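What follows is a single structure, written as structure tokens, with notes after it.
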């Protein structure tokens, strides 16, 4: 379990910070196992969204996004969230409500912050263990991929590595620049 | 399990039909076990409702009840039903929908048939095993008793004796005259 | 998760291909950032919001079986916001330790959801993140629509009393400090649990009496019956009556609105019953067909503010046997003087009522979709929060 | 139930007291019956309504995880009435045997609801009352919002293919006649199952190709990849595309409305893609920001009528990346000529669509609360039924 701890977020942060790419990749490999042709790296996901053009043009979501209310579906980080906002459930964009646990795994999106027009990597991490929160249910699908591209898929219950697959809510943890 | 089969309904029917009272009672005793002062007999329940006066005056429910549509909450037999009508779930007043099982246990009410102004004993038997049906949810509480008088209580999940306590729907099985 | 360890060796595969893509990606994107842009947002670490315990103004409620998910949810009465949620099975009940830090859930599981091995457990949640701290196996439970008095604690939080009906009625006594079941007390013909004193509890009986169970010096329980104090066939006492484990006071409320105050003890003291309707200057309600009048009703129709001895009752206008109908008003009654103090309208009909036990209490009313926080003195609705369909409700220090 | 056998000996207790009450009860009540009253209603015996199998006009749907209970419910399309319900866990998927008599459910349980030992099973329901006929243990499953192609059968019903993701992707092959797992096929970088032939299945891959898995004479599976036939990053193929196990035809539909017909086989044949929008005389949809146009979308946005090769697609007007938005219209397309035949409005937005496979087909649209039965030729809404929030939908012979 320790090996998995925070892999999605930590690995991606390292990549984003251009640290020790090799070690990060081998760590990621530990999860992506059995996936020799799995070109699903979170960072590749960001690249594939064609970050440069993307950051200039935005998406239909980002054009209407805001940066002040993280309990609303159009908060900028939620460009690819599917589920209940942890911010409405007793948690925050990067904190699980008491009674649930953050999953060390996540899927990764990239969202544009309207304040600086930059694209950031966002780790959509599920909080697991408590019954579904049922508050602030949002479904944003910017650059969301089908389930056969799991790292960019928001339908999977991302509770691998926790004690429970009971879905409670979803966070949008800021990882770093997607640039 | 065999000992329990249909106890509520069979026993009550026997009592109602004035057959072999002693054998019926000892059968009932097998369930009422450990309840030496449990004066909860279904028939006593009917008596206690003061059947004579009851059959003449009716209740607020019976005054508005009808006898032609068993998928409506005001069908005469449903004077004490709490839950989903099996008649709306693929079953009938005395048949469970496929995928569920009738519980051999039940609680007993007495309802007045507006057509003949007679009070009948009704066995409210739950169908168990399938997820809650969620159709035609009714809550009628004529002479319903608190949970410490279980045989006349409609809050208990009456799935004793089936393979599952998953509540699906409730039937209103006609047992006989309450007279 | 089973496969991860096994397959970790294959990690080397694919890394070459991946790193090329990554390198390209980083290179492309790096050009995009404007040179004079505002400071870059800092990265975050994910965690769990700390839980300091149920506050005086928090309201905990469970989800209603069959209508919504189970679980216990905590709403902050001062903000209307959700504070925390804890998992539970269907047909669960819950109780808080007196300090509000530990949550006990009485619940039942089957190995394959609706079938397979049954397990009745008392689950314990607590610590800084309200995490699961293990389970105590119970010998049985009642499976029914939720009942406040099917699972309760002694006033000091030392013992839990779990009502079981399978279908023989019994109360399982759990020592919460030792975390083990210490007795199973059969209460034939009776049900529910109203704790009193150190280790005593009373149960309502089908003949209109109480069963009083108490432990001797050796910790062994004996049960005896009181007199019959209500007529169960004409006007039974509601399951959802009031019990106060700390004082041993019970206010048993009948379908027709009679309040029977009982001072629970080995020899309970029965005060004279009084009528809620009479307290309001009306004739008492009766079970006569066609009598439409104000009656108590709902799912959890009464709450009691201990310090000021105030009784809050959900009332509706209806015929006899309408004791599960939602309340359109909350009547505030002085349980000492048996007088009506206020009649507060609720925004929509409410099924549950609660009141916090602190010096500045909040009155809480719940429908199937809303939780309203009200001022018990003025009846003003302070805030409203959307909720999942509630089963039971509890506040700190109840 | 545990206590009943144990306590049966005590049966004698209380019988004396009871029989007195009973005697009184019967005596009193006997006087009440009027002498000249109409014939007394006959007593009834309770049973279970027989189940003859899924009919050609029946629609089976599962409950949406997290919003409602699980379970598979069968609605008669000719009446709108509920026919039967079968229990399932959350995150379940289901498939019917070709004769419509046996229902297979792929599901996952934990011993204590949200925790404890995990069990992945293929549960079997059938017989005259659609009762549980046992389970086959699976090595793993995908836990996600429901996906039609995560659990499918071979056309002859001999094999079940269960997609597993934990998080290594694999397909478990189950011999349904022998009721045992016979293989677990790893499909790295790919997902889902589109069966073809006797024992073959294809999966969609993250690089835009297919993985084709087929068994050799010894029953051992080998996997190979096809060419890349779509650009996954700019316009991916939807999970909820069309697969027809009996012909091996797949219609892979992209976010922007391109239909890629593929004849599945060990060497699949890829037909030229065509555009749903172009079939309607519109420009093709693109992923350009701000392009509001008609696009496919929803939860199960497409259905295929085999005999007449008609494709029914839920369409809405929206921007790029709106592929989960509910459809306001159902477009009826001839999959042979790639021409739009009809555009039918749905009463409210619909998330799922289905079509029955008989000679007089019914078109079915589902919102989160309604199931509409429509005439596929006229677009007329024949009937509407209230439902619980649906997850997946299936008809006989799919």
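Residue numbers (the working numbering), protein chains in the order written: chain A, 72 to 250; chain B, 72 to 250; chain C, 2 to 399; chain D, 2 to 399. Cβ atoms here follow ideal geometry from the backbone N, Cα and C, with glycine treated the same way. This one's a predicted model, so the numbers in the text were calculated from it and none came from an experiment.
Expected contact under 8 Å - CB spacing of residue i and residue j to nearest Å
i             : j             : result
residue 256/D : residue 239/D : 7 Å
residue 278/C : residue 286/C : 5 Å
residue 96/D  : residue 161/D : 7 Å
Contact set between residue i and chain D, taken where Cβ atoms lie within less than 7 Å
i             : result
residue 239/B : 86
Test: residue i CB closer than 8 Å to a CB of chain A
i             : result
residue 295/D : no
residue 250/C : no
residue 269/D : no
residue 95/C  : no
residue 166/D : yes
Beta-carbon gap between residue i and residue j smaller than 8 Å
i             : j             : result
residue 124/D : residue 108/D : yes
residue 246/D : residue 156/D : yes
residue 317/C : residue 344/C : no
residue 165/B : residue 242/B : yes
residue 311/D : residue 283/D : no
residue 91/D  : residue 114/D : no
residue 418/D : residue 112/C : In the structure displayed, chain D extends from 2 to 399; residue 418/D sits before or after that span and is not available.
residue 192/C : residue 211/C : no
residue 201/B : residue 88/D  : yes
residue 49/D  : residue 63/D  : no
residue 196/B : residue 229/B : yes
residue 83/D  : residue 198/B : no
residue 332/D : residue 356/D : no
Residue i: contacting residues in chain C (beta-carbon distance under 7 Å)
i             : result
residue 242/A : 47
DSSP state of residue i mapped onto helix, strand, coil
i             : result
residue 298/C : coil
residue 232/B : coil
residue 391/D : strand
residue 165/A : coil
residue 221/A : helix
residue 240/A : strand
residue 365/C : strand
residue 223/C : strand
residue 204/B : coil
residue 151/D : helix
residue 337/D : coil
residue 151/B : helix
Residue-chain proximity (residue i, chain C), Cβ-Cβ < 8 Å
i             : result
residue 17/D  : Residue placement at residue 17/D is flagged as unreliable, the pLDDT there being 27, under the threshold of 50; the coordinate-derived value follows with that caveat. By this cut-off, residue 17/D is not an interface position.
residue 214/B : yes
residue 141/A : no
residue 180/A : no
Under 9 Å from the C-beta of residue i: neighbouring residues of chain A
i             : result
residue 115/D : 199, 200, 201, 202, 234, 235, 236, 237
Interface flag, residue i vs chain B, CB-CB below 8 Å
i             : result
residue 146/C : yes
residue 67/D  : no
residue 62/D  : no
Below-8 Å beta-carbon distance, residue i vs any chain D residue
i             : result
residue 160/C : no
residue 133/B : no
residue 112/C : yes
residue 195/A : no
residue 226/A : yes
residue 173/B : yes
Residue i Cβ short of 7 Å to the ligand NAD heavy atom set
i             : result
residue 341/D : What this structure holds is no ligand at all, so the ligand NAD is not there to describe.
Contacts that residue i makes with chain C (C-beta to C-beta distance below 9 Å)
i             : result
residue 168/B : Those within 9 Å of residue 168/B in chain C number zero; the least Cβ separation is about 15 Å.
7 Å Cβ cut-off: residues of chain B touching residue i
i             : result
residue 310/C : Simply none; closest approach about 25 Å.
Listed by chain order, chain A residues near residue i by CB distance under 7 Å
i             : result
residue 291/D : 131
Partners in chain C for residue i, counting only beta-carbon separations shorter than 8 Å
i             : result
residue 134/D : Under the 8 Å cutoff, chain C gives no residues; its nearest Cβ is about 12 Å from residue 134/D.
Under 9 Å from the C-beta of residue i: neighbouring residues of chain B
i             : result
residue 237/C : 216, 217, 219, 220
residue 320/C : 130, 131, 132
8 Å Cβ cutoff, residue i in contact with chain F
i             : result
residue 314/D : Reference to chain F is not applicable here, since the protein chains of this structure are A, B, C and D.
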